[in-house]
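Taking mature numbering (1 follows the signal peptide of the UniProt record, and there is no 0), I'd label the letters of the sequence shown as residues -23 to -1, 1 to 415. This report concerns only the one structure given below.
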Amino acid sequence: MLCKRFVAILALAASTLVASSSATSVDGGGRAVAARHAAIHTPLPRMIHRRAAKKSASSSSSKKLASSSTTNANPGYDADKVLSVAKKLTTHSWEYGILAEALLEYYNASLSVFGSNPFPNGKVPKPNVATVQALSYVKPNISISGNTLSNGDGAAGDPASLVVPATLIGGTNAAYTQAVDRQIAHLFTVPLYSNGAISQREAVAELWADAVYMFPPAFAYNAVRTNNESMMHTAIIQCSRYRQILQPTTTAAWSGLWQHIVGPQSQTLGIWATGNGWAAMGMVRVLATVKKWETSKGWTSQQALLTKWIYQILSGAVGSGVASNGLIKNYMVGGPNGASQSPAAGDFGDVTGSAMLASAAYRMMVLDPSGASKYLSWANGLRKAVAARVNGTGYAVPNVDPLNWFNTSPYYQGSPEGQSATGILAASWRDCVQAGRC
């Protein structure tokens, strides 16, 4: 049954990937859904409750371990402190996912998909978990007993953000590999949107820009582990399908940006900075994986599509302007109800989205230097604006409230994903400098 579901998803999407990718608007089904759900529904946050008490496992792994990466390209702030704060704040599945990625990119860059040779002999590496901070930190927070790697509390995509660290741990512990297999299989059992996009929610077919960071990179990494070209195609196709629904048609300067959520449960058509950051960074990770895997490095047409979609978001972000503090506005255009809402609703400068989008630009400077060069000065401006907002204790603020994006007031208590994104920004800048591109 699962195999048939997987084949059905590929059949629905693969034949139209290139054709559909050239459109910048949602398809007919997407327009119908948007019309049916034009009003904003009662928000259903990822978690109904606020953050739980910090897990004791976090403190036991807080000690900085041996690093295989240098950090001599100063981003303008203390990234070690920033990531230390991230550990203190992180409690949810997607937060563990992005923090593990941040720790991997910052402290053990060679193991990330942005390393020069992340797949020796075409395979996923098998590192010593005890010497890789990302893995030793996140290991106690990965579930190996169920169908998902963490409790997603209704989110289908969020637990998949842990596939990369779980896969690396699985190189020396088969229980984690088996857990990854169950997690990947589970993604093919959740609802599908009308165009074949895998839902971010377990109960209904609903698309969130956030999801593009969660499971397409997981599919891509799993494709390498299992030597499965079809799985790699699925990663790319899912990016295409999300873009098809979430990217509205406009000729405005912000053209190319995505809406946050389309669906029957939590819809918000806002042009949200963090959502666009999630989507851009997710596609950058997929692109890096495609480029670095021996089997897919020659897929030039697919790489060109991913590159185009990433640049559409970056160009739209440039066109949307910045707030008075030099950061990208939380709602880049309008407010949570959409682009036409009064800009006064949520237009404060946001660290989280700014760090994510600048990171995407820096990564593209290495992956596609000639194409990305037009974004370099913009990314540098964002990095400096982020650096100016990192205080002496390592908190990078203000952010959007991480559990309530409808809150249009700046949030100063610290955002788990904002801290991790700021760590990723430091890693992206360093790698760009060391590559001689920045």
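A virtual CB, placed ideally from N, CA and C, is assigned to each residue, including glycine.
- Annotation: residue 308 is outside any alpha helix (DSSP H); the continuous beta strand (DSSP E) that includes it extends over 308 to 310.
- Counting along the chain, residue 75 sits inside the alpha helix (DSSP H) bounded by residues 70 to 84.
- Per DSSP, reduced to three states, the secondary structure at residue 360 is helical.
- When only Cα atoms are considered, residue 167 and residue 115 end up about 25 Å apart.
- Here the alpha carbons of residue 261 and residue 387 stand approximately 28 Å from one another.
- Between the segment 96 to 108 and the segment 62 to 72, the count of C-beta pairs closer than 8 Å stays below three; the two stretches do not touch.
- Residue 363 sits close to residue 331, with the two beta carbons spaced by under 7 Å.
- An exposed status is given to residue 100, since fewer than 16 other beta-carbon atoms sit within 10 Å of its beta-carbon.
- For residue 238, the three-state secondary structure derived from DSSP is strand.
- Residue pairing for residue 178: DSSP places it in a beta bridge opposite 132.
- In the structure shown, residue 185 falls within a strand segment according to DSSP collapsed to helix, strand and coil.
- In the three-state scheme derived from DSSP, where H, G and I count as helix and E and B as strand, residue 329 is classed as helix.
- Nearest Cα to residue 214 within the set 136, 293, 324, 193: 193.
- If only complete runs of 4 or more residues are kept, the segment 204 to 278 shows the alpha helix (DSSP H) at 206 to 223, 250 to 269, in order along the chain.
- For residue 320, there is no enclosing alpha helix (DSSP H), as DSSP gives it neither H nor E.
- Assigned with DSSP and collapsed to three states, residue 296 falls in helix.
- In this structure, 160 is the residue among 130, 160, 132 with its C-alpha nearest to the C-alpha of residue 144.
- Listed in chain order, the non-local C-beta contacts of residue 340 below 6 Å within the same chain comprise 261, 405, local neighbours out to five positions each way being set aside.
- Pairing residue 187 with residue 270 gives a Cβ-Cβ distance that is not under 7 Å.
- Between residue 303 and residue 61, the beta carbon gap of about 25 Å keeps them out of contact (Cβ cut-off 8 Å).
- The segment 245 to 252 and the segment 284 to 291 do not touch, with fewer than 3 CB-CB distances between them shorter than 8 Å.
- If you look at residue 373, you'll find it isn't in any alpha helix (DSSP H); DSSP assigns it neither H nor E.
- Counting other Cβ atoms within 10 Å of its Cβ, residue 389 stays below 16 and is therefore classed as exposed.
- Of the other Cβ atoms in all chains shown, fewer than 16 fall within 10 Å of the Cβ of residue 93; this residue is therefore exposed.
- Beta bridge pairing from DSSP links residue 315 with 312.
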